[in-house]
Ligand code: SF4
Ligand code: SF4
Ligand code: SF4
């Protein structure tokens, strides 16, 4: 009897032990899956998005790196920056040659100036095509200062404006028209200079004579026009602003407009207006490095996260899985970072 009376209690205890054992195992399994605190902190800080932000900031400063030489005024530092400045080739971004503190020039900016001087931009084009066919428009996504400023203007806003596909398609055409006008004027100017008939044309074109895109080029406005103005250094020198001309104020308003609109419409200047971006896209479409989707992981019928986060508003799901041949992709890898199924991969082909 004593034995019979003990049996149910023992069973209960055994069952309790088993269930707590199972819970412990479950928890242990969960702990195994969950990365440690240190790994989680490192993962949160050093992900690809953070890396891109860091690279963008470094290049934003570095593109005007000569300013450090100007500040320190040390001969050796100046000589060092000068040597670096001369060694860096032009890159497929927008950055004007005349920027007083500029270290890197944009391929398109250089090309415009060479064409309008009657020089065929052989080396500029060669270096540009080489970079774009290998790396795609990675410089637009990671280096270009105007791309960076737009990205940072967008950052605080979580509800972006996305035009309908047809509207987006039409707006994207504008940058091609801008390209044709700008390059057409540069070639015309170059031919006039070669034939010695440039004076009248220079007088007519005025500020558009050497590089017709410059008056609207945010990089030119910020790094040349504004950098060359007399800046107020305190309340007592605020009156310096009164010496800025009307054209300068219009240009400053334009740059402000570009950044304010970017708050709602990511990279709208890149998508619709930048002639350089359009030109770079001609060579980057079939680049060796690109984006692809893993068909075993991608669930395009129930998910569109990659398209929502794409700053270039690309309809990623419409492209073949193996390689996304889009002239607009700037390899920012936002789609890759956000894809819930880890379906986006870098492809080399
Ligand atoms: S498209 Fe955008 S990122 Fe590319 S060169 Fe133009 S402004 Fe820069
Ligand atoms: S977010 Fe990922 S899973 Fe979703 S459609 Fe894009 S690639 Fe496919
Ligand atoms: S497709 Fe991906 S990598 Fe390309 S621009 Fe869009 S988010 Fe960036």
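Numbering (the working numbering), first residue to last: 7 to 355. Every residue, glycine too, gets a C-beta built ideally from N, C-alpha and C.
Residue i in three-state terms, based on DSSP
i, result
"residue 354", "strand"
"residue 273", "coil"
"residue 199", "helix"
"residue 303", "coil"
"residue 297", "strand"
"residue 157", "helix"
"residue 339", "coil"
"residue 333", "coil"
"residue 162", "coil"
"residue 289", "helix"
"residue 312", "helix"
"residue 327", "coil"
"residue 281", "helix"
"residue 63", "helix"
"residue 68", "helix"
"residue 320", "coil"
"residue 10", "The predicted position of residue 10 is uncertain, since its pLDDT is 43 and thus under 50; no value can be drawn from it."
"residue 38", "Below a pLDDT of 50, predicted positions are generally treated as unreliable, and residue 38, at 44, falls in that range; the measurement from the model is reported next regardless. Reduced to three states, the DSSP call for residue 38 is helix."
"residue 33", "Low confidence applies to residue 33: its pLDDT is 41, below 50, so where it sits in the model is not reliable enough to give any reading."
Proximity below 9 Å, CB of residue i to CB of residue j
i, j, result
"residue 144", "residue 294", "no"
"residue 275", "residue 152", "yes"
"residue 72", "residue 108", "yes"
"residue 181", "residue 335", "no"
"residue 191", "residue 214", "yes"
"residue 69", "residue 93", "no"
"residue 229", "residue 106", "yes"
"residue 75", "residue 86", "yes"
"residue 224", "residue 253", "no"
"residue 156", "residue 273", "yes"
"residue 169", "residue 319", "yes"
"residue 160", "residue 301", "no"
"residue 98", "residue 286", "yes"
"residue 277", "residue 176", "no"
"residue 249", "residue 236", "yes"
"residue 315", "residue 343", "yes"
"residue 219", "residue 264", "no"
Cβ shell of residue i (< 8 Å), same chain only, five flanking positions each side left out
i, result
"residue 135", "289"
"residue 58", "147, 148, 338, 339"
"residue 127", "116, 117, 120, 121"
Near ligand 3: residue i beta-carbon under 8 Å from a heavy atom
i, result
"residue 339", "yes"
"residue 315", "yes"
"residue 68", "no"
"residue 206", "no"
"residue 297", "yes"
Contact test: residue i Cβ vs ligand 1 heavy atom, cutoff 8 Å
i, result
"residue 273", "yes"
"residue 119", "no"
"residue 377", "Beyond the ends of the chain as shown, which are 7 and 355, falls residue 377; an answer cannot be given."
"residue 276", "yes"
"residue 291", "no"
"residue 228", "no"
"residue 102", "no"
"residue 114", "yes"
"residue 331", "no"
"residue 364", "The displayed coordinates of the chain run from 7 to 355. Any statement about residue 364 would go beyond what the structure contains."
"residue 246", "no"
Residues of its chain near residue i, where Cβ-Cβ distance is below 7 Å and the 5 sequence neighbours each way are ignored
i, result
"residue 298", "327, 328, 329, 330, 351, 353"
"residue 259", "none"
"residue 347", "303, 304, 305"
"residue 216", "119, 122"
"residue 234", "106"
Same chain, Cβ closer than 6 Å to residue i, five either side skipped, listed in chain order
i, result
"residue 271", "167"
"residue 282", "100, 114"
"residue 200", "124"
"residue 227", "257, 261"
"residue 62", "154"
"residue 332", "320"
Distance cut-off 8 Å: residue i Cβ against heavy atoms of ligand 2
i, result
"residue 326", "no"
*Can you list the alpha helix (DSSP H) stretches of 4 or more residues lying completely in the region 74 to 152, in chain order?*
The region 74 to 152 contains these whole alpha helix (DSSP H) runs: 81 to 93, 113 to 122, 128 to 141, 144 to 148.
*Could you tell me which uninterrupted alpha helix (DSSP H) segments, each at least 4 residues in length, are contained entirely in the region 168 to 251, listed from first to last along the chain?*
When DSSP assignments are scanned along the region 168 to 251, the uninterrupted stretches of alpha helix (DSSP H) that are 4 or more residues long and fall wholly within it turn out to be 171 to 200, 204 to 211.
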